[in-house]
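At the far end of the sequence shown sits residue 365, using the numbering used here, and the numbering has no gaps.
Worksheet: the structure to be examined is printed underneath.
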Amino acid sequence: MKNNPLPRLDASEELRQRILPLCRLQRGQTWVDPLGRHKVACMDAGDADSVLELMDGEKASLAIHDPPYNLVAFEERELGEYIRWCKQWVSNTIVILRPDSSFYVWLGADQRNGFQPLPDFMVMMRQAPLRPRSFITMRNQRGYGTQKNWMAVRQELLYYVKGEPVFNVEAEYTDIPKILRGYYKEVGGKVTENGERGKSENIRAGNVWVDIQQVFYRMEENVSGCYAQKPLKSIERIVRASSTKSDLVVDFFAHSGTTLLAAELNERRCFTADVDPVFCEITIRRLEHFRATGRLGWQNGHPFEMELPEFEAEAAVDSVDAPFEPQLQATMF
Ligand SMILES: C[S@@+](CC[C@H](N)C(=O)[O-])C[C@H]1O[C@@H](n2cnc3c(N)ncnc32)[C@H](O)[C@@H]1O
C-alpha cells in the first residue's frame with residue numbers, strides 16, 4: 033500500500049532528475065503570481081543580493097522561517113559553519129523587515145548530538161537587533177522512541193520582534209475546551225470558578241501548542257514527497273496573530289509552500305523562496321491547485337500526478353492497523 037506515492041524528494045536522485053525538467057524556476061529566477069499577490073524565488077536565503085532582488089524595495093511585516101535543522105538526516109555540517117550561515121539569512125531578513133515586525137524561526141535540538149543547533153542559534157540571536165518574545169513548543173500527535181527514551185514529540189518555535197508589531201490575541205484561542213477547574217475567587221459577593229470568568233469556553237494557545245496534528249498521508253493538506261511539511265494550522269496561527277490583512281509575509285525556506293498557502297487563505301501577501309527548484313515548483317503548484325480546486329494539498333495524490341501518473345496512490349485502508357507514516361522530521365525531536 034502506498035500512502036505517500038512519492039518518495040522523499042531529496043533522497044531520490046532518479047526521481048529528481050525526472051522532475052527537474054518540469055520546474056519553471058532555475059536558481060536566480062522568480063515566479064510572479066498572475067493575481068499580483070505573491071512571489072516565489074529560487075534562491076539561497078543566505079545571499080543578500082537575491083533577497084533584495086526578491087523584495088524589490090518592499091518590506092515585510094512578518095517572517096516565518098523553517099530552515100534545515102543541521103541534523104544527520106539533513107546533511108549535517110560543522111556547527112560553527114551552520115550558525116554562520118544562519119546569521120547570514122537572519123541578517124538578510126532583518127534588513128527587509130518593517131520597523132514594527134515579527135520574526136519566527138522553527139528549529140530543532142538533536143538529543144543525540146548535544147541538543148545542537150537550537151541553543152547555539154539562540155545565543156547567536158542575542159547579537160541580533162531583535163527582542164525575544166516567546167519560546168513556543170508544538171507537540172506532535174505522534175512520535176517514536178518509547179522503548180528506551182521519552183517519546184520525541186516536540187518542535188520548537190522562536191518568536192522575536194523588531195519594534196512594536198501587532199499581536200492579535202483573539203487569533204490565539206485553540207479549539208481545546210477548558211478542563212482544569214478549581215480556582216475560586218469572590219466577585220461581587222459571589223464565589224466564582226475561574227472557568228466562569230474566562231472570556232471563552234476554550235483555552236488560549238499559550239506557548240505550548242498541543243492542538244495541532246502533525247501532517248500525515250490521510251490529511252488533505254499532505255504533500256507527498258515533502259519530508260518536513262509544517263501543519264497549516266500552525267502557520268495560520270502565526271499569520272493571524274502577527275500580521276493583518278494585506279500585510280507582506282516572507283518565508284525563505286518554502287519546501288511544500290505552507291506559508292504561501294496560509295497567506296493566501298488569510299488574505300496576506302507572501303514572498304517565499306527555496307534553494308531547490310523542485311520545492312519551488314511544488315510551492316507554486318500547491319497554490320495553483322488550491323485556487324483551482326479549493327484543496328489544501330494532495331491527499332493520496334501528488335503535485336506531479338499529471339506528468340508522472342505511475343506514482344499513483346493506492347486506496348488507503350481505513351483501519352487502525354494501517355501503517356502510520358509520519359514525516360521524517362516528526363521522528364527527530
Ligand atoms: C524544513 S524545510 C521547510 C518546510 C516548510 N516550512 C513547509 O511547511 O513545507 C527546509 C527547506 O529549506 C530549503 N533550503 C535549504 N537550504 C536553503 C537555502 N540556503 N536557501 C533557501 N532554501 C533552502 C530546503 O530545500 C527545504 O525545502
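A virtual CB, placed ideally from N, CA and C, is assigned to each residue, including glycine.
Contact under 7 Å by Cβ, residue i with residue j
{"i": "E188", "j": "L150", "result": "yes"}
{"i": "V282", "j": "R300", "result": "no"}
{"i": "V247", "j": "P263", "result": "yes"}
{"i": "A92", "j": "L139", "result": "no"}
{"i": "I208", "j": "D152", "result": "no"}
{"i": "G329", "j": "E252", "result": "yes"}
{"i": "G78", "j": "Q120", "result": "yes"}
{"i": "R186", "j": "T169", "result": "yes"}
{"i": "N36", "j": "Y249", "result": "yes"}
Alpha carbon of residue i to alpha carbon of residue j, nearest angstrom
{"i": "V83", "j": "S44", "result": "29 Å"}
{"i": "F199", "j": "F336", "result": "38 Å"}
{"i": "R48", "j": "V271", "result": "32 Å"}
{"i": "E85", "j": "T125", "result": "13 Å"}
{"i": "Q87", "j": "D98", "result": "Note on identity: in this sequence residue 87 is Met, with Gln being the wrong assignment. Those two C-alpha atoms are separated by around 19 Å."}
{"i": "F147", "j": "I115", "result": "14 Å"}
{"i": "S256", "j": "P39", "result": "7 Å"}
{"i": "A294", "j": "G326", "result": "13 Å"}
{"i": "V349", "j": "D279", "result": "Note that V349 scores 44 on pLDDT, short of 50, meaning its location in the model is unreliable; the coordinates nonetheless yield the value given after this. When rounded, the distance between both Cα atoms is 42 Å."}
{"i": "S134", "j": "T276", "result": "12 Å"}
{"i": "L212", "j": "I316", "result": "44 Å"}
{"i": "V310", "j": "Q58", "result": "9 Å"}
{"i": "L52", "j": "I314", "result": "11 Å"}
{"i": "M154", "j": "A95", "result": "17 Å"}
{"i": "A184", "j": "D132", "result": "35 Å"}
{"i": "P358", "j": "A260", "result": "Annotation note: pLDDT 41 at P358 (below 50); position unreliable, coordinate value reported separately. C-alpha separation (whole angstroms): 10 Å."}
{"i": "D65", "j": "K71", "result": "6 Å"}
{"i": "S274", "j": "N181", "result": "36 Å"}
{"i": "L319", "j": "L292", "result": "7 Å"}
Integer-rounded CB distance, given that residue j should sit under 8 Å from residue i
{"i": "Y205", "j": "S166", "result": "That belief does not hold up - the Cβ atoms of Y205 and S166 are roughly 16 Å apart, past 8 Å."}
Residue i: CB within 6 Å of a non-hydrogen atom of ligand 1
{"i": "A224", "result": "As written in the sequence, residue 224 is Thr, which differs from the Ala given in the question. No, the beta carbon of T224 sits no closer than 6 Å to any heavy atom of ligand 1."}
{"i": "Q368", "result": "Since the first residue of the chain shown is 33 and the last is 365, residue 368 is not available in this structure."}
{"i": "A77", "result": "yes"}
{"i": "H287", "result": "yes"}
{"i": "D308", "result": "yes"}
{"i": "T325", "result": "no"}
{"i": "P209", "result": "no"}
{"i": "D98", "result": "yes"}
{"i": "T290", "result": "yes"}
{"i": "F303", "result": "no"}
{"i": "F248", "result": "no"}
{"i": "F322", "result": "no"}
{"i": "F147", "result": "no"}
Bridge-paired residues (DSSP) for residue i
{"i": "C258", "result": "C258 is not bridged to any residue."}
{"i": "Y136", "result": "I96 and Y191"}
{"i": "E268", "result": "Per DSSP, none; premise fails for E268."}
{"i": "N234", "result": "P209"}
{"i": "Y216", "result": "E225"}
Any C-beta of chain C under 7 Å from that of residue i
{"i": "D42", "result": "You won't find chain C in this structure, because it holds only one protein chain."}
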